[in-house]
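2 protein chains.
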Amino acid sequence: MYVTSPVSYFEPVSIDDVMHQHELEPAVYHTSTAEAGQPLFCEGDDADFVYEVLEGVVRTSKLLCDGRRQVLAFGYPGDIIGLSHDQIYHSDCDAVSDTKVRVYHKNASGTSFADEPQLCDQFLRHATAEVHDMQEHFLMLGRKSAVEKVASFLVVLLDRVGENNDCKSCFSLPMSRSDIADFLGLTIETVSRTFTKLRKDKIIELPNPHRVCVCKSAKLRALAERSS
Amino acid sequence: MYVTSPVSYFEPVSIDDVMHQHELEPAVYHTSTAEAGQPLFCEGDDADFVYEVLEGVVRTSKLLCDGRRQVLAFGYPGDIIGLSHDQIYHSDCDAVSDTKVRVYHKNASGTSFADEPQLCDQFLRHATAEVHDMQEHFLMLGRKSAVEKVASFLVVLLDRVGENNDCKSCFSLPMSRSDIADFLGLTIETVSRTFTKLRKDKIIELPNPHRVCVCKSAKLRALAERSS
DNA sequence: TTTTCTTGTTGATCTGCATCAAGTAGAATC
DNA sequence: GATTCTACTTGATGCAGATCAACAAGAAAA
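Residue numbers (this note's numbering), protein chains in the order written: chain A, 22 to 249; chain B, 22 to 249.
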């Protein structure tokens, strides 16, 4: 699921599973790859495909005309990207790291999924789960301080992709500081300073700018989860 | 639909219509009323019902444990409230004004809508439309200034419920300044000051604190729609 | 190798909005 | 009527994070 909320309730189910349950033609999807930095789709494009991330990380974002950007979500394996209510993408989507995706081809008949009830139900679950995650992110953007934002972001990644290493839990951070800043509604300087502060407080270690080891996860959660 | 975005692409379709198309029992829903201030549901409640607003305005919100609040959306007639991915409401919902709602009873059989494909498809459209609106709101919360936020908010209401009056377009503002502040990620003082600034700049008039007349809608849109 | 470019870090200063505080006006209650 | 309450407005001040600026370090190009 999209990495938007401190806590994730959604259990991803591969579209593949659903499709096989319903004996769809394999021809309605295929797998594809994208190198780091390459776009998957752009805002305004016809939303002909729905993507499931299989490997790597993608980023969805929107731009203001003066260049300000809001990163909407980072898509990790299992996440569904590109559902649209009106057959047009309303965000840009780019690969943050080298990425493998499953590309689901919409039926040519039109916009309705009513003739594929299991798939429709599955997409509905994805969509409502995404709404839930976005609501958590609203709290983050609207009401949290810089430290709370960064800590919340790290906790989500910790729970999603953290790997235990001694008593630490480590994960890579494939996105740039700029991506993180635009996701959290901060500047790159503030993100960098906040990472430094967490490092100096011995809550995290930063072997390099794109790798995080969480030393004191309880403290990190305390900083993040002032939410009820 | 939820009032979250400057531009709204979604054409609301009554659940009622869908249900009649499929000859569902009238017993699966009923209408109900809520007086201003009354709750429809609370965070953590079992999500037994889905609501369609028929009259009035409702508000969905989330609280942090220290009292900070984020208003997620204002629900106007035609909007669907209360879809959940895990049968539990994840926000509070209260009537802002006296409200009439249609209450849709979920089937006892469980969480899946797969046995009602038309209804499922309809809910999926609602959910993806809501995701789209929320993405616009992300830009607002994360990247816009106070003036841009308030102007964007007013433009949405202008387009949704504005009524032409001379060369002005007027609408009521049933929610409190506190509701608006918690929706936009501001304080009540900043909201109030911004309204005053727009009034002094002759862009809007405020016959009373809960009624807005937009005199210069182009200027208002220019302040709001610096988005691409 | 050196040069240039990109990305991230750190410091100094500024500013938009929050916070603190006081005042106003309409509505509800007595 | 007077009193209280609540919601809103307005002013003074403070601060978190933005902005401006310099620097560092690795990567890519020359």
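Cβ coordinates follow ideal geometry from the N, Cα and C atoms, glycine included.
Every value quoted in this text rests on a predicted model; they were computed, and no experiment measured them.
Beta-carbon neighbours of residue i, restricted to chain B and to distances below 7 Å
| i | result |
| --- | --- |
| A/S112 | Q156 |
| A/R164 | L85, R89, Q91, G206 |
For residue i, the three-state DSSP class (helix, strand or coil)
| i | result |
| --- | --- |
| B/C255 | Missing from the structure shown is residue 255 of chain B; chain B here goes from 22 to 249 and no further. |
| B/A68 | coil |
| B/I201 | helix |
| B/L85 | strand |
| B/L194 | coil |
| B/S130 | Note on B/S130: pLDDT 41, under 50, position unreliable in the model; no value is reported. |
| A/E246 | coil |
| B/A239 | helix |
Closest residue to residue i among the options (Cα-Cα distance)
| i | options | result |
| --- | --- | --- |
| A/H111 | A/K127, A/V92, A/K240, A/L179 | A/V92 |
| A/R123 | A/L104, A/R80, A/C86, A/V74 | A/V74 |
| B/R181 | B/Y97, B/T81, B/F62 | B/Y97 |
| A/K170 | A/K189, A/Q139, A/L219 | A/L219 |
| A/G206 | B/L160, B/Q156, B/L85, B/A68 | B/L160 |
| B/S199 | B/F144, B/T54, B/P230 | B/P230 |
| A/H153 | B/V78, B/H147, B/V212, B/S105 | B/S105 |
| A/K165 | B/K240, B/R89, B/T52 | B/R89 |
| A/G65 | A/L84, A/C188, A/L244, A/Q59 | A/L84 |
| A/C188 | A/T81, A/I225, A/Q108 | A/I225 |
| A/V176 | A/P138, A/P60, A/D67, A/K237 | A/K237 |
| A/L222 | A/I209, A/S53, A/R232, A/L241 | It should be pointed out that residue 222 of chain A corresponds to Asp in this sequence rather than to Leu. Considering only alpha carbons, the answer is A/L241. |
| B/H250 | B/G99, B/L227, B/Y50, B/L61 | This structure leaves residue 250 of chain B out entirely; chain B is present only between 22 and 249. |
| B/G103 | A/C86, A/A150, A/F62, A/V49 | A/A150 |
| A/A57 | A/R80, A/A68, A/A202 | A/R80 |
| A/F70 | A/Y125, A/D87, A/A55 | A/Y125 |
| A/D260 | A/F62, A/V78, A/C86 | Because chain A is modelled from 22 through 249, residue 260 of chain A falls outside the range shown and cannot be assessed. |
| B/T215 | B/E157, B/A172, B/Y50 | B/A172 |
| B/S118 | B/L140, B/I101, B/F95 | B/F95 |
| A/Q59 | A/Q156, A/D115, A/I209 | A/D115 |
| A/I201 | A/V168, A/E184, A/L140, A/P228 | A/V168 |
| A/Y50 | A/V233, A/K127, A/I209, A/F144 | A/K127 |
Interface residues of chain A facing residue i [CB-CB closer than 7 Å]
| i | result |
| --- | --- |
| B/L160 | K83, L85, Q91 |
Delimiting residues of the alpha helix (DSSP H) encompassing residue i
| i | result |
| --- | --- |
| B/A167 | 167–182 |
| B/S213 | 209–221 |
First and last residue of the uninterrupted beta strand (DSSP E) at residue i
| i | result |
| --- | --- |
| A/G163 | Unbroken run through A/G163 is the alpha helix (DSSP H), 138–164; no beta strand (DSSP E). |
| B/V122 | 120–126 |
| A/Y50 | 50–55 |
| A/S8 | Nothing can be reported for residue 8 of chain A: it is not among the residues displayed for chain A, which extend from 22 to 249. |
| A/P60 | 60–62 |
| B/I225 | 225–229 |
| A/G77 | Taken as a continuous stretch (DSSP letters only), A/G77 belongs to no beta strand (DSSP E), as it is neither H nor E. |
| A/G96 | 90–96 |
| A/D115 | 113–116 |
Heavy atom of the ligand SAM within 7 Å of residue i beta-carbon
| i | result |
| --- | --- |
| A/N229 | With respect to the ligand SAM, the structure offers nothing, as it holds no ligand at all. |
Task: Against chain B: residues of the region 79–107 of chain A by CB proximity under 7 Å - done: Residues passing the 7 Å Cβ filter: K83, L84, L85, C86, D87, R89, Q91, L93, L104, S105, H106, D107.
TODO: Name, going along the chain, the residues of the region 56–71 of chain A whose beta-carbon falls closer than 9 Å to a beta-carbon of chain B.
DONE: E64
Open item on the list: To be precise: take each residue of the region 172–194 of chain B, compare its Cβ to all Cβ atoms of chain A, and keep it if any distance is under 8 Å. Which residues remain?
Closed with: Residues passing the 8 Å Cβ filter: none.
Task: Chain-ordered residues of the region 137–156 of chain A with a beta carbon less than 7 Å from chain B - done: P138, Q139, C141, D142, F144, L145, R146, A148, T149, A150, E151, V152, H153, M155, Q156
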